[in-house]
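What follows is a single structure, written as structure tokens, with notes after it.
Residue numbers (my numbering): 20 to 196.
Following this line, the structure appears as structure tokens:
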């Protein structure tokens with residue numbers, strides 16, 4: 020009964036990996052994050068089921084040692100078979116968890132790259148907004164209202180770029196990339 024719970028929980032972990040089993044290794048970022056969370060939740064449930072089964076079997080082994088020699092040996096052999104089966108499930112779970120961890124790392128890197136790209140795009144916009152200030156000859160001929168408007172636009176673009184940069188740094192620091 021406990022091994023059935025373990026088998027069921029591990030099959031749910033494997034099912035949670037379904038999006039990657041369709042032949043698409045790079046899912047859209049939001050789908051990837053959602054699927055990883057589902058895998059992690061299923062793995063936690065499976066891990067609990069493994070622990071419960073392991074404790075149950077260990078308890079039954081201790082109880083079986085108290086039986087008379089004939090039934091004790093037979094029961095212990097059955098329990099060892101169950102332990103072997105549980106170890107196989109545990110190995111499968113560890114493989115699934117390892118795969119999920121590597122996918123999570125890759126998704127986190129993709130998220131970080133996205134944050135950095137946003138900051139880079141906004142930094143380019145600062146350069147585009149400040150292009151008016153590059154040519155001194157043209158700058159001298161512009162009315163002060165246009166210069167002021169260009170300065171305001173440049174300041175707004177710079178603030179947006181700085182905010183995006185801070186967000187990217189915060190993201191990277193929080194994830195310890």
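Glycine included, C-beta positions come from ideal geometry on N, C-alpha and C.
Asked	Found
If residue 55 sits next to residue 126, beta carbons under 8 Å apart, how far is it from one beta carbon to the other, in whole angstroms?	6 Å
Considering only the beta carbon of each residue, do residue 111 and residue 174 sit closer than 9 Å?	no
Taking three-plus beta-carbon pairs below 8 Å as touching, is the segment 79-92 in contact with the segment 155-169?	no
Looking only at its chain, what residues have a beta carbon closer than 6 Å to the beta carbon of residue 38, apart from the 5 residues adjacent to it on each side?	46 and 54
Alpha carbon to alpha carbon, what distance is there between residue 139 and residue 167?	25 Å
Check whether the Cβ atoms of residue 62 and residue 24 lie closer than 9 Å to each other.	no
Answer with buried or exposed for residue 103, where buried requires no fewer than 16 other C-beta atoms within 10 angstroms of its C-beta.	exposed
When you compare each of 33, 22 and 183 to residue 132 by their alpha carbons, which one comes out closest?	183
Could you check if residue 14 is buried or exposed, using at least 16 other CB atoms within 10 Å of its CB as the buried criterion?	The structure shown does not extend to residue 14, since the chain is modelled only from 20 to 196, so the question has no answer here.
In this structure, does DSSP put residue 98 in helix, strand or coil?	helix
Which word fits residue 194, buried or exposed, when buried means at least 16 other C-beta atoms lie within 10 angstroms of its C-beta?	exposed
Do residue 176 and residue 145 have their beta-carbon atoms positioned less than 9 Å apart in this structure?	yes
Name the two residues that bound the continuous alpha helix (DSSP H) containing residue 155.	155-160
Mind checking which residues open and close the alpha helix (DSSP H) that includes residue 41?	Unbroken run through residue 41: none, as it is neither H nor E.
Going by CA-CA distance only, name the one from 109, 172 and 135 that's closest to residue 147.	172
My assumption, with CB atoms under 8 Å, is that residue 57 sits in contact with residue 35. Please give the rounded CB distance.	5 Å
If we ignore side chains and look at the alpha-carbon of each, how far apart do residue 33 and residue 66 end up?	13 Å
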